[in-house]
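FYI, in the working numbering the residues of the sequence shown are 0 to 122.
Here the structure comes first, spelled out in structure tokens, and everything after it is commentary.
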Amino acid sequence: MDNRSFPLHLPLMRPVDMQVIGTELAVKWDDGRETFVSLERLRRACPCAMCRGEADLLGRWSAPPPQSLTAASFVLRDIRMVGSYGLQPVWADGHATGIYSFEYLIRLGESSDSPCPDFLPFS
Numbered sequence: 000m001d002n003r004s005f006p007l008h009l010p011l012m013r014p015v016d017m018q019v020i021g022t023e024l025a026v027k028w029d030d031g032r033e034t035f036v037s038l039e040r041l042r043r044a045c046p047c048a049m050c051r052g053e054a055d056l057l058g059r060w061s062a063p064p065p066q067s068l069t070a071a072s073f074v075l076r077d078i079r080m081v082g083s084y085g086l087q088p089v090w091a092d093g094h095a096t097g098i099y100s101f102e103y104l105i106r107l108g109e110s111s112d113s114p115c116p117d118f119l120p121f122s
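This is the structure in structure tokens:
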């Protein structure tokens, strides 16, 4: 057997509470830290293929279609856990395909004054 070590990029934290407070999503993590992300930022940073685009089987990038976001696009109706690694918001306009890894969600909160960080689910 090979004795090399391979780093695992598993989340070190899990959310223990999530609430919408005004126009922000507040997440309390099991280590006591908190993350705050504006709902508009959260939606605009959606990592799904419809919002970000995707590569085909040959690696050619397909840009996403233009989005028409409305006030309902920034209203959070529900948020679901996805396995042990992420969250899936359900927006009032019906959009619900984005899965945000815990790591990505934390980065969105840490860089709240800068453009959305690149979506790297396992960086």
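Even for Gly, the Cβ is constructed at its ideal location relative to N, Cα and C.
Asked	Found
Check whether Leu-107 and Val-15 have beta carbons under 8 Å apart	no
Cβ-Cβ separation, Ser-67 to Arg-42 (assumed contact under 8 Å), whole Å	13 Å between Cβ atoms; not a contact.
Pairwise C-alpha distance: Phe-101 and Arg-59	28 Å
CB contact flag (Met-17, Ile-78, <8 Å)	yes
Three-state class that DSSP yields for Ala-91 in the structure shown	coil
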